[in-house]
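Q: This is the structure I have questions about; it appears just below.
Chains as they are written, first to last, in the working numbering: chain B, 14 to 429; chain P, 14 to 429.
Below is the structure:
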């Protein structure tokens with residue numbers, strides 16, 4: 014008998030038939046005696062349709078007005094789900110973010126949640142109602158609707174769970190959990206029963222796009238136990254089984270220390286590498302190179318600058334492969350002459366492979382094990398970057414699957 | 014230099030291209046120095062799409078939840094129009110009803126406006142902004158969204174105009190005004206430059222469905238000058254010409270007294286007539302007949318009960334033709350035996366023709382002129398009913414056009 018928050022994505026809400034299935038699942042939890050708050054996304058395709066209309070009017074619409082439009086998709090979803098619950102005999106009520114209210118700052122289209130008033134919701138829950146709240150949005154101090162940006166419904170769900178001090182936040186999605194690596198690459202990949210939120214952050218940012226990164230940060234800040242689980246199972250499957258399915262993002266590091274050193278192998282196939290040669294080694298040079306790249310809205314991932322020799326150094330970084338040509342243009346046109354560097358060279362056929370694990374902190378030798386494994390497969394390492402709980406290498410794209418499979422085996426990830 | 018409210022229907026807002034045209038028209042009024050508030054409907058088809066989704070979930074959805082869904086169509090419209098104004102260099106801001114706020118009662122799907130707070134809107138107008146407000150909706154005392162029911166945007170526009178003490182409320186629609194009768198029936202039909210709000214009420218309820226009846230009542234209660242004009246003209250037509258086009262619903266009866274006695278000929282082709290014969294003439298009998306009809310959600314229009322003879326009377330009323338069969342069933346099954354009446358007879362091929370005019374009050378002889386005209390055409394009158402400013406007759410459907418043309422001519426309506 015606990016307070017539980019459910020979050021359902023656009024695919025789960027994709028048709029009225031699917032919404033009825035969501036209602037069955039929610040009702041099952043309520044029948045078992047839980048208090049349930051549900052945070053659904055807009056029906057799949059709806060947010061794109063709405064933003065498409067705005068872009069027909071103008072290329073760069075006013076963000077406040079864009080949020081007025083984009084927020085309507087979730088408002089339709091919550092009311093449809095409420096009706097579907099009524100249809101199976103449940104008391105339910107839907108709220109838009111401003112009705113709760115969920116207070117945000119005024120950074121329209123990328124707002125951050127400031128506070129959530131739980132009074133109204135708690136009163137409904139205590140009277141036996143299921144409460145359904147729009148994801149993705151809130152209201153600023155002046156009464157303007159503000160959205161949290163793409164994928165913001167995950168963040169809404171975790172924030173609402175934190176505000177209500179829920180026992181657990183369940184994120185229903187189209188994968189059944191977080192795996193040691195992508196099962197399409199390594200058939201032995203194993204679903205993780207638990208993962209720490211730091212590992213989840215590294216896994217998410219490295220391409221296991223299960224949860225929006227900000228929602229994981231929120232879960233971390235509020236130590237909110239958050240579970241990723243499948244929305245594709247039978248909605249009437251036994252509750253006990255469902256409650257233990259998926260992957261739990263936990264905050265109990267102790268339980269984890271006895272597990273394997275490494276939690277998973279993440280990868281990102283579509284990287285491109287750019288090196289600015291013979292860069293004069295003087296203060297501010299990194300900014301002079303990356304500033305124009307960032308101004309062109311190109312995301313930069315790994316960045317490496319080595320010890321300089323004779324006052325010159327090579328500066329290397331990676332960008333998403335789709336941005337490679339644009340990034341090269343920016344550098345050749347506005348950077349090269351300006352900073353007086355040498356040639357700019359690049360390679361658009363590289364991939365990043367990372368080993369991730371909290372256990373790495375207390376186990377030496379993870380790096381050497383990783384490099385030995387790659388060496389034994391004859392895979393050349395082009396770049397290395399490390400953080401406390403991950404080591405990433407950049408390699409030739411054609412060796413990516415081989416590297417992931419070899420590392421998965423070397424670290425014994427197929428074993429529970 | 015006045016405060017003007019514009020209202021645009023779903024057809025005018027039907028595509029992003031059309032919304033850009035609305036923006037041009039609005040900007041023209043603002044350029045001329047007016048303060049402008051705009052109340053647009055949802056894009057055509059959108060409200061039906063939304064309600065269709067709800068009906069897929071359940072046949073009779075909860076009205077509060079239905080309003081959560083139905084209100085989103087206008088929210089999209091206001092933001093798109095705001096963007097379109099930005100696109101041509103105008104400062105504009107959009108508000109949902111709850112942001113103004115427009116306070117309604119809690120009669121979801123058919124709410125009534127209680128009050129409108131003008132502070133926020135006035136501040137925006139004074140700082141040079143064009144303000145765009147969702148039609149059709151407001152918020153109740155508990156913060157729930159409530160809609161005004163179909164066509165409610167007309168009512169919103171007039172109510173907002175009244176709250177802001179606007180100089181005029183312009184309802185842009187797909188007809189260019191109110192005519193002496195339907196031009197498709199009488200080619201000499203003439204557009205009225207002005208009409209009193211009482212005449213407008215009679216014209217609207219009799220089938221000239223130009224404006225939602227409640228909006229006309231609102232205009233009447235607040236004496237808000239309201240103009241019906243075409244949204245199909247060139248948005249850049251000279252403002253002076255546009256400002257005098259269409260039909261003004263006025264509250265200056267004096268100017269009207271010198272005009273023609275009769276303002277127009279209204280008609281409704283699709284009526285059906287039902288007579289309950291030999292009804293015992295006792296108190297409560299009308300309710301016993303019409304109660305079950307109303308319970309079956311059948312609208313009743315004309316009602317006639319004549320002097321009784323030997324304690325029995327014939328009770329006749331009309332219903333929309335589409336409801337005729339259902340009404341006959343209700344009467345034969347639940348009414349006839351219960352009240353001990355004679356047979357129930359009906360005719361589903363009758364039409365109603367009405368002459369309407371405030372001038373009727375002070376001119377005798379309108380009725381006799383009407384009846385003589387019909388008699389000269391050999392048209393038999395089946396029922397008569399009268400109000401202060403209209404006389405309606407029920408006739409055989411096949412004579413309807415003939416009757417309308419003859420009356421239009423007899424009262425000299427083709428002459429300005």
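Glycine included, every Cβ here is placed at the ideal spot set by N, Cα and C.
Computed from a predicted model, the values in this text were never measured in an experiment.
Looking at the secondary structure, which residues open and close the alpha helix (DSSP H) in which residue 407/B lies?
A: Note, residue 407/B: premise wrong, no alpha helix (DSSP H); beta strand (DSSP E) at 403-409.
Q: Run down chain B in chain order and give the residues with a C-beta less than 8 Å from the C-beta of residue 97/P.
A: Around residue 97/P, the beta-carbon contacts reaching into chain B at under 8 Å are 70, 71.
Q: Report the rounded CA-to-CA distance for residue 413/P versus residue 392/P, giving the unit in angstroms.
A: 9 Å
Q: Identify whether residue 327/P lies in helix, strand or coil by the three-state DSSP scheme.
A: In the structure shown, residue 327/P sits in a strand (DSSP, three-state: E or B).
Q: What residues of chain B sit near residue 215/P, judged by a beta carbon separation below 8 Å?
A: Going along chain B, no residue has its Cβ under 8 Å from residue 215/P, so there is no contact; the nearest lies around 38 Å.
Q: Can you tell me whether residue 400/B is helix, strand or coil according to DSSP?
A: strand
Q: Leaving out five residues before and five after residue 38/P in sequence, what residues of the same chain have Cβ atoms less than 6 Å from its Cβ?
A: 248
Q: For a contact meaning CB atoms closer than 8 Å, what does residue 66/B contact in chain P?
A: 29, 89, 93
Q: Go to residue 298/P, then tell me how far its alpha helix (DSSP H) extends in each direction, as first and last residue.
A: 298-308
Q: Any beta carbon of chain P sitting closer than 8 Å to that of residue 63/B?
A: yes
Q: Going straight from the alpha carbon of residue 17/B to that of residue 42/B, what length do you get?
A: Residue 17/B and residue 42/B: Cα-Cα distance of roughly 9 Å.
Q: Which class does residue 280/B belong to by DSSP, given the choice of helix, strand or coil?
A: strand
Q: Touching or not, the stretch 76-93 of chain B and the stretch 50-60 of chain B, by the rule of three or more beta carbon pairs under 8 Å?
A: yes
Q: For residue 32/B and residue 67/P, what's the separation of their Cα atoms in angstroms?
A: 11 Å
Q: Closest Cβ-Cβ distance between residue 270/P and chain B: below 8 Å?
A: Because residue 270/P carries a pLDDT of 46, less than 50, the predicted location of this residue cannot be relied on, and no value is offered for it.
Q: Which residues in chain D have a C-beta closer than 7 Å to the C-beta of residue 74/P? List them in chain order.
A: The structure shown has no chain D; the protein chains it does contain are B and P.
Q: List the residues of chain B that residue 259/P touches, going by C-beta distances under 9 Å, in chain order.
A: Result: empty, since nearest Cβ-Cβ is about 27 Å, beyond 9 Å.
Q: For residue 275/B and residue 161/P, what's the separation of their Cα atoms in angstroms?
A: Computed Cα separation, rounded: 60 Å.
Q: Span of the alpha helix (DSSP H) holding residue 339/B?
A: 337-343
Q: Helix or strand or just coil, what does DSSP make of residue 178/B?
A: For residue 178/B, the secondary structure class from DSSP, reduced to helix, strand or coil, is coil.
Q: For residue 167/B, which three-state DSSP category applies?
A: helix
Q: Could you tell me which of 298/P, 97/P, 181/P sits nearest to residue 35/P, measuring between CA atoms?
A: Looking at the Cα atoms, 97/P is the closest of the given residues.
Q: Buried or exposed: where does residue 107/B fall if 16 or more other Cβ atoms within 10 Å of its Cβ makes it buried?
A: buried
Q: Would you say residue 193/P and residue 180/P are within 8 Å of each other, going by their C-beta atoms?
A: no
Q: Determine, for residue 81/B, whether the minimum Cβ-Cβ distance to residues of chain P falls below 8 Å.
A: yes
Q: Is there at least one Cβ from chain P nearer than 8 Å to residue 32/B's Cβ?
A: yes
Q: Quick one: which chain P residues come within Cβ less than 7 Å of residue 112/B?
A: Neighbours of residue 112/B on chain P, chain order: 156.
Q: Which residues does DSSP pair with residue 159/P in a beta bridge?
A: Residue 159/P pairs with 151/P.
Q: Using CA coordinates, which residue listed in 86/B, 74/B, 170/B, 390/B is at the minimum distance from residue 100/P?
A: Restricting attention to 86/B, 74/B, 170/B, 390/B, the CA atom closest to the CA of residue 100/P is found in 74/B.
Q: For the beta strand (DSSP E) that residue 436/P lies in, which residues bound it at each end?
A: Not covered by the structure: residue 436/P. The range shown for chain P is 14 to 429.
Q: Taking 8 Å as the cut-off, decide whether the C-beta atoms of residue 382/B and residue 156/P are in contact.
A: Taking the C-beta atoms as reference points, residue 156/P is found no nearer than 8 Å to residue 382/B.
Q: Where residue 407/B and residue 397/B are concerned, what is the direct C-alpha to C-alpha distance, given to the nearest angstrom?
A: Taking the straight line joining both Cα atoms gives about 7 Å.
Q: Could you check where the beta strand (DSSP E) with residue 418/B kicks off and where it finishes?
A: From DSSP, residue 418/B is part of no beta strand (DSSP E) but of the alpha helix (DSSP H) over 413-423.
Q: Are any of the Cβ atoms in chain P nearer than 8 Å to that of residue 58/B?
A: no
Q: For residue 365/B, which beta-bridge partners are listed by DSSP?
A: 281/B, 407/B
Q: Pick helix, strand or coil for residue 270/B, following the three-state DSSP scheme.
A: Its pLDDT being 46, under 50, residue 270/B is placed unreliably in this model, and the value from its coordinates should be taken loosely. Of the three classes helix, strand and coil, the one that applies to residue 270/B here is helix, per DSSP.
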